[in-house]
Amino acid sequence: MSSIILFPILAIYALIGQSQAMCSGEAVYQVIFNNMLTPQTFGSKIPETGLNFSPLAAVSHSNRQSFLTVRGFASPQVEQIAETGMNGRFLALAENLKGAEQGVRDVAGGMGAGPGMNQTVELTVNCENPFITALSMIAPSPDWIVQVNNMNTLDMNGEFRQRLGGNLIAYDAGTDDGGDFTAASDASFDMPSEPQKNIAPLFEDETDPFDGRMVGTYVFVRIM
């Protein structure tokens, strides 16, 4: 069984290596997160003022680094974003790795996005660091996030893609057992998960107020 699982994983890494070997230069992307959490879209299921996306935390990196993995545990840096919306620890870690040349090319922080709005950051990628990870808290919430992780900007021919995009769904970061729209600043609502749970799609929880629907979209647009 283990060899059956291992083979496709090795094949994926081989394809990534081939595309990177054919690559040259670098590219700059706009990373855009669109917030669809409006009362018009979700009605009484969410607060009447809608929900916000916290300031984006985004990084371009190599396959040697993984800042967030679905079904894995949230790091302290991801936990801070998920529970408070503050991205300082995440950005500091990424900047330290960049300075040490440990698999990080670029780091960017956003300004946040209100209901029906979007936020944009710019990231430079290169052949050694073609992956992008970006995440934001759904605020207020216990520990819910939207995220894109380890997105490869290279195609199979080693060319930087002109555009990537898709839907954003809500994820439970697994660090707080609260199940309602609670403000990060109100410690009385803090319900730490003991033991910590894996990061997982929120629709797997029967209390999901979004009923598994997309809560936003993301777009990566190459601008250079």
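Quick note, the sequence shown lines up with residues -21 to -1, 1 to 203 if you use mature numbering (1 follows the signal peptide of the UniProt record, and there is no 0).
C-beta atoms are modelled at their ideal positions from N, C-alpha and C, and glycine is treated no differently.
Since the model is a prediction, treat every value here as computed from it, not as a measurement.
Since residue i is in the alpha helix (DSSP H), which residue starts that stretch and which ends it?
{"i": "V57", "result": "55 to 63"}
{"i": "A73", "result": "67 to 78"}
On the DSSP letters alone, give me the boundaries of the beta strand (DSSP E) that residue i sits inside.
{"i": "E5", "result": "5 to 14"}
{"i": "F110", "result": "110 to 118"}
{"i": "A37", "result": "36 to 40"}
{"i": "E183", "result": "Taken as a continuous stretch (DSSP letters only), E183 belongs to no beta strand (DSSP E), as it is neither H nor E."}
{"i": "V100", "result": "97 to 105"}
{"i": "A87", "result": "83 to 88"}
With a cut-off of 8 Å on the beta carbons, I'd call residue i and residue j a contact; round off their distance for me.
{"i": "F110", "j": "S39", "result": "7 Å"}
{"i": "M135", "j": "S(-3)", "result": "6 Å"}
{"i": "F12", "j": "Y197", "result": "5 Å"}
{"i": "E101", "j": "S41", "result": "Contact doesn't hold; Cβ gap of about 19 Å is too wide."}
{"i": "L114", "j": "A36", "result": "6 Å"}
{"i": "L181", "j": "D159", "result": "Wrong, their Cβ atoms sit about 13 Å apart, outside the cutoff."}
{"i": "T161", "j": "P119", "result": "6 Å"}
Can you tell which of the options has its C-alpha closest to the C-alpha of residue i?
{"i": "D156", "options": "V49, Q19, A61", "result": "A61"}
{"i": "L30", "options": "Q44, A37, N14", "result": "N14"}
{"i": "T17", "options": "I202, G95, V86", "result": "G95"}
{"i": "V7", "options": "D151, D85, Q19, S54", "result": "D85"}
{"i": "W123", "options": "I148, K24, G137", "result": "I148"}
{"i": "R50", "options": "V200, A179, D190", "result": "A179"}
{"i": "P55", "options": "T132, T103, P171", "result": "P171"}
{"i": "P188", "options": "G22, A71, T112", "result": "G22"}
{"i": "G195", "options": "R43, D184, V125", "result": "V125"}
{"i": "M90", "options": "V10, V200, T186", "result": "V10"}
From residue i to residue j, what does the alpha carbon distance come to, in whole angstroms?
{"i": "A166", "j": "P121", "result": "Because A166 carries a pLDDT of 48, less than 50, the predicted location of this residue cannot be relied on, and no value is offered for it."}
{"i": "G82", "j": "E27", "result": "42 Å"}
{"i": "R68", "j": "V127", "result": "18 Å"}
{"i": "Q141", "j": "A87", "result": "20 Å"}
{"i": "N146", "j": "R192", "result": "9 Å"}
{"i": "G78", "j": "M65", "result": "22 Å"}
{"i": "P174", "j": "T154", "result": "9 Å"}
{"i": "I117", "j": "E5", "result": "32 Å"}
{"i": "N105", "j": "A(-1)", "result": "12 Å"}
{"i": "I202", "j": "Q98", "result": "16 Å"}
{"i": "N129", "j": "Q19", "result": "32 Å"}
{"i": "K176", "j": "F32", "result": "22 Å"}
{"i": "A92", "j": "P34", "result": "7 Å"}
{"i": "E74", "j": "D190", "result": "36 Å"}
{"i": "K24", "j": "D184", "result": "15 Å"}
{"i": "L72", "j": "T103", "result": "18 Å"}
{"i": "E80", "j": "T186", "result": "42 Å"}
{"i": "L47", "j": "L76", "result": "15 Å"}
{"i": "V200", "j": "L70", "result": "22 Å"}
{"i": "V57", "j": "T132", "result": "22 Å"}
{"i": "R43", "j": "Q59", "result": "23 Å"}
{"i": "Q112", "j": "S45", "result": "The amino acid occupying residue 112 in the given sequence is Thr; Gln does not appear at that position. Each residue's Cα considered, the two are about 8 Å apart."}
What residues are listed by DSSP as bridge partners for residue i?
{"i": "G195", "result": "N14, L147"}
{"i": "R142", "result": "V200"}
{"i": "L133", "result": "F139"}
{"i": "P125", "result": "Going by the sequence as given, residue 125 is Val instead of Pro. Note: V125 sits in a beta bridge opposite S115."}
{"i": "D155", "result": "P171"}
{"i": "A92", "result": "F32"}
{"i": "A179", "result": "D151"}
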